[in-house]
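J.:
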Amino acid sequence: MQSARAGRVVNSGFLEANEAAELAHKLKDHASVNIDGGYSSAVRRVVTVFPDNIPNANTKLAAIYAKTDLEANEFKVFLLKYLADSDIGDIVTHQDGLSAIIIDSKKKKLVEVMEQSNKIELEEIPLELIDSGSTKSRQVVVPSMRVDVIGAKALNVSRSYFSKGIKAGNVFLNGKAANKSSSAEVGDEIYAKGLGRIMVLEIQGKTRRGNQKILIEVEK
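So the sequence shown is numbered by the numbering used here: it starts at 4 and just counts up by one.
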C-alpha cells in the first residue's frame with residue numbers, strides 16, 4: 004500500500020480466491036487495484052496495486068506446459084521445489100499433460116533448472132490456450148442487491164439452488180463467506196465455487212416497478 008502511494012506498482016503474488024478478493028476489497032478505496040489469475044475463472048489470483056496516476060497495471064503471468072502423467076497436486080509439489088507458493092497459480096489439467104500459471108519473471112529460472120535436470124520437459128504456451136471459460140459484461144434486473152438474488156440471476160440458476168450454496172459455505176462476498184442476508188455494492192465480488200465469479204460494476208437505475216438495473220461482469 005505504501006509502495007503504491009509512493010508511485011510504485013506492487014503485487015501480492017498468487018493468493019487463494021478468498022484472500023485475493025478480500026485484499027482487493029480492502030485496498031480499492033486507497034489505490035487502483037487489478038486482480039488476475041491468467042485465465043477466466045482462475046481460482047488463485049494476483050492482486051496488483053498501483054497509484055491512481057497510472058492508467059492501468061497488471062502483473063505479467065505465463066503458462067508453462069508439461070507432458071506428464073503426474074496428478075495436479077503432484078505437479079504442484081514438484082514446482083514448489085524450485086518456486087515459492089506465491090509464484091504459482093492454478094494447475095490446469097489437459098488430456099495429455101498439465102499447465103501451471105506462474106509469475107512471468109520466474110519462468111526463465113524454472114525452464115533453466117528443468118533443462119539441466121532433465122526431470123520434466125517444460126515449455127511456455129500462450130495463456131489463451133488455457134482459457135476455456137468466458138468473461139462477459141451484461142445488464143440484469145433484480146429486485147434487490149442481495150447476494151442470492153444477484154448470484155442466481157447472473158449465473159442462471161434458481162434462487163433456491165444458489166441459496167443452498169450459501170448455506171453450505173460455498174459462496175463468498177469479497178472473500179468472506181456470504182449469508183442469506185448479505186448484500187452487494189458497486190465494486191463488490193461474488194464468488195460461487197463451481198459456478199463462477201460476479202463483479203458488480205454499476206447501478207444503472209431503476210425500472211418502473213422499482214427493480215434495480217445493474218451492470219455486472221460474469222466469469223464462468
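C-beta: ideal position from N, C-alpha, C; glycine also.
1. Let me make sure I understand the geometry here. Which of E205, R211 and V152 has the alpha-carbon closest to that of A195?
2. Among F78, T210, L204 and R47, whose alpha-carbon lies nearest the alpha-carbon of E25?
3. Buried or exposed: where does Y68 fall if 16 or more other Cβ atoms within 10 Å of its Cβ makes it buried?
4. CB L64 to CB I38, shorter than 9 Å?
5. Pick helix, strand or coil for L130, following the three-state DSSP scheme.
6. In angstroms with no decimal places, state the Cα-to-Cα distance between L125 and S184.
7. Specify, as a first and last residue, the run of the alpha helix (DSSP H) that N14 falls within.
8. Report yes or no: do three or more beta-carbon pairs, one from the segment 168 to 180 and one from the segment 193 to 210, lie closer than 8 Å?
9. What are the uninterrupted segments assigned as alpha helix (DSSP H) that are 4 or more residues long and contained completely in the segment 66 to 93, given in chain order?
10. Could you have a look at S44 and say whether DSSP puts it in helix, strand or coil?
11. Whose C-alpha, out of N76, K79, I91 and L30, is nearest the C-alpha of G16?
12. Assuming V150 and K216 form a contact by the criterion Cβ under 8 Å, report the distance between their Cβ atoms to the nearest whole angstrom.
13. Does DSSP put E192 in a helix, in a strand, or in coil?
14. Have a look at the DSSP bridge pairing and note the partners of M202.
15. Runs of 3 residues minimum, wholly inside the segment 107 to 177: which ones carry the beta strand (DSSP E) assignment?
16. To the nearest whole angstrom, what separates the beta carbons of S102 and I133, a pair I think is in contact under 8 Å?
17. Any idea if K122 is buried or exposed, counting beta-carbon neighbours within 10 angstroms, 16 or more meaning buried?
18. Using only the alpha-carbon positions, how far apart do G40 and L83 sit?
T.: Put simply:
1. Of all alpha-carbon atoms in E205, R211 and V152, the one lying nearest the alpha-carbon of A195 is that of V152.
2. For E25, the nearest C-alpha among the options comes from R47.
3. By the neighbour-count rule (16 or more Cβ atoms within 10 Å), Y68 is buried.
4. Taking 9 Å as the cut-off, the Cβ atoms of L64 and I38 do not count as close.
5. L130 falls in the helix class under three-state DSSP.
6. One C-alpha to the other measures close to 47 Å.
7. N14 -> not in any alpha helix (DSSP H); beta strand (DSSP E) instead, spanning V13 to L18.
8. Counting C-beta pairs closer than 8 Å gives three or more between the segment 168 to 180 and the segment 193 to 210, which meets the contact rule.
9. Counting only runs of 4 or more, we get 75 to 82.
10. Three-state DSSP puts S44 in coil, outside helix and strand.
11. Considering only alpha carbons, the answer is I91.
12. About 18 Å; that fails the 8 Å criterion.
13. Reduced to three states, the DSSP call for E192 is strand.
14. According to the DSSP secondary-structure assignment, M202 is paired through a beta bridge with E192 and E220.
15. Runs found: 125 to 128, 138 to 145 and 174 to 176.
16. That belief holds up - the Cβ atoms of S102 and I133 are roughly 6 Å apart, short of 8 Å.
17. Counting Cβ neighbours within 10 Å, K122 comes out exposed, since fewer than 16 surround it.
18. Spanning the two alpha carbons is a distance of roughly 18 Å.
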